[in-house]
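First residue of the sequence shown? That's 1 in UniProt numbering, and the numbers climb one at a time after it. Note that the Cβ used here is the ideal one computed from N, Cα and C, for glycine as well. Being a predicted model, the structure only gives us computed values, none of them experimental.
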Amino acid sequence: MSVTISPSPVREPARTKCVAVFDCSVPRAWRGIDLLIADSRALPLPLAADVLDANEQSRLRRLHPRARVPFQRRRLLLRLLASAYTGSSVDEPFDGVPCTGCGVTHSAPRNRTMRRLGLQSSTSNVGSAVAVAFGPAALGVDIEAIANVTPAALSLALTSAESASLSAMRAADRSREAARYWTFKEATSKAAGVGNGVPLKSWRVELSNDSDRVGIGGETGGDWSGVTVPVSDALVAAVVWPSEAVGNGQMRMSTCSIRYKDIRVEVTHTAIGFGGQGESDE
């Protein structure tokens, strides 16, 4: 059964109309990244049990009982978003490679439909919020609660220069800027395919005082670009991609709702263009 997409009025910036990016039923070359963010809190558990694949069911059984319900809802939402964006069935199995550290398959979600469309993906969650990004090349996304980025966490993530830069900022700005540093580094680790295998301090983030965009370098090589995506007063999200892919980097935001059976979910969509206005090459 397919997922139905209903557009809502563009919310920010009001002067631009967001490209309809959910029509991916045939291969096309989208020159940018699409980030979808939604809340999983109200999703029904019985449906989650029906659509999770074998790897997800295995992960579910390993979790503490109190963590199982949130996990099921987050994975169901991820599947609804992937289905809405790619046209795949909600229960299409995701590929995955078992982690060398823990043996659990928790890599970026990818399925046969995404491979056919030439799409890469990355996902992140915090609490009941789920973020999933799709694009034509390597990419990473991270979403985090500002309150979760503690001084102890930052001591493991920031270089001495980054710590000094953060200390020089206005006190009122430091918590959000600290979360920006954190999410950029986490997203870069995902985009580079190294996960937790490389210390977060190995990534160097160059924040700009007048832009949400950053440049990122690291000891593992390669240059990355990133952008902060506004979520709420409590949450920060970051998307990272290879620097050579960026053109004008125009970012546009809109909202839509996805419907599946009797479920309706509000989705925030951010489109980041890599050239022109984000048209396809067709």
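Check                                                                                                          : Outcome
Distance CB(Ala152)-CB(Val141) smaller than 7 angstroms                                                        : no
Environment of His269 [buried if 16+ CB atoms lie within 10 Å]                                                 : buried
Alpha carbon of Gly127 to alpha carbon of Ala234, nearest angstrom                                             : 11 angstroms
Closest by C-alpha distance to Ser163, when choosing among Ala171, Arg170, Leu154                              : Leu154
Pairwise C-alpha distance: Ala271 and Arg15                                                                    : Legend: pLDDT at Arg15 = 29, less than 50; position of this residue unreliable, value from coordinates given subsequently. Each residue's alpha carbon lies about 15 angstroms from the other.
Contact set for Leu36: own chain, Cβ-Cβ below 6 angstroms, skip 5 residues either direction                    : Leu81, Val132, Val267, His269
Ser155 in three-state terms, based on DSSP                                                                     : helix
Backbone CA spacing between Gly226 and Glu186 [nearest angstrom]                                               : 11 angstroms
For Leu200, the three-state DSSP class (helix, strand or coil)                                                 : helix
When Met169, Arg170, Leu78, Met253 are compared against Ala38, the one with the closest alpha-carbon           : Leu78
Which listed residue (Ser167, Ala191, Glu144) has its alpha carbon closest to that of Arg180                   : Glu144
Own chain, CB closer than 6 angstroms to Ala238, minus 5 neighbours either side, in chain order                : Asp142, Thr183, Phe184, Ala187, Gly226, Thr228
Whole-number beta carbon distance between Asn111 and Pro136, since they are thought to touch under 8 angstroms : At roughly 16 angstroms, the Cβ-Cβ gap does not stay under 8 angstroms, so Pro136 and Asn111 are not in contact.
Alpha-carbon to alpha-carbon, Arg73 and Ala49                                                                  : 9 angstroms
Bridge partner(s) assigned by DSSP for Ala145                                                                  : Leu235
Unbroken beta strand (DSSP E) run spanning Ala133, endpoints                                                   : 129-135
Residues sharing a beta bridge with Arg252, DSSP                                                               : Ala271
C-beta contact flag for Ala108 and Ser88 at 7 angstroms                                                        : no
Helix, strand or coil at Arg115 [DSSP, three-state]                                                            : helix
Thr123 (DSSP reduced to helix, strand or coil)                                                                 : strand
Beta-bridge pairing of Val229 - partner residues as DSSP gives them                                            : Ala237
Straight-line gap, Arg115 to Pro44 (C-alpha atoms, nearest Å)                                                  : 29 angstroms
Alpha carbon of Pro27 to alpha carbon of Asp34, nearest angstrom                                               : Low confidence applies to Pro27: its pLDDT is 36, below 50, so where it sits in the model is not reliable enough to give any reading.
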